[in-house]
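Numbering (this note's numbering), first residue to last: 461 to 615. Data first, discussion second: the structure below is written as structure tokens.
Rendered as structure tokens:
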């Protein structure tokens with residue numbers, strides 16, 4: 461009789477895994493757009509011929525799209541597997557933190573090499589991305605190590 465609530469809990473975790481993979485996919489879509497924009501900013505400021513820009517833009521769109529699709533499929537599979545093991549939240553924090561840090565680096569590279577100038581608000585936003593991304597990755601590592609240590613104490 462005790463297994464019924466546990467079974468319902470696992471079912472809810474699997475549903476949460478699907479919803480969280482949709483969130484991670486949406487954040488990945490934002491990364492796709494920002495990466496493409498950063499790449500085109502770098503191409504425009506380089507010595508690459510203007511006639512090559514369109515081909516670079518289309519190939520980068522295709523390549524980043526395939527990477528995004530593979531990432532979404534991997535994340536959905538990983539979240540569903542982690543939901544069964546009840547380690548879903550640390551994995552979600554890790555993937556979300558990595559994606560936010562990727563956004564930070566995409567926003568940091570053009571002003572760092574002097575291509576564009578940011579306003580102070582844009583630097584504050586990039587700093588917030590760095591803080592949130594780092595905090596999520598650190599929390600994910602903390603919770604996953606805590607879960608591993610708790611499993612060793614039971615043995």
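The beta carbon of each residue, even a glycine, is placed where N, CA and C say it ideally should be.
Among 485, 508, 482 and 513, which has the Cα closest to the Cα of residue 496?
513
Quick one: measure Cβ to Cβ for residue 589 and residue 552, integer angstroms, because I've assumed they're closer than 8 Å.
Actually they do not touch by this definition, with Cβ atoms about 17 Å apart.
Rounded Cβ spacing between residue 566 and residue 494 (contact assumed at less than 8 Å):
5 Å
If you follow the alpha helix (DSSP H) that residue 574 is part of, which residue opens it and which one closes it?
Unbroken run through residue 574: none, as it is neither H nor E.
N- and C-terminal bounds of the alpha helix (DSSP H) containing residue 513
513 to 545
Under the three-state reduction of DSSP, which class applies to residue 507: helix, strand or coil?
coil
Determine the closest residue to residue 562 out of 529, 592 and 602, with distance taken between C-alpha atoms.
592
Which value, in whole angstroms, describes the spacing of the CA atoms of residue 518 and residue 531?
20 Å
Residues in the same chain with beta-carbon distance under 7 Å from residue 596, minus the five sequence neighbours each way, listed in chain order, please.
553, 556, 557 and 560
What's the gap between the Cα of residue 540 and the Cα of residue 515?
38 Å
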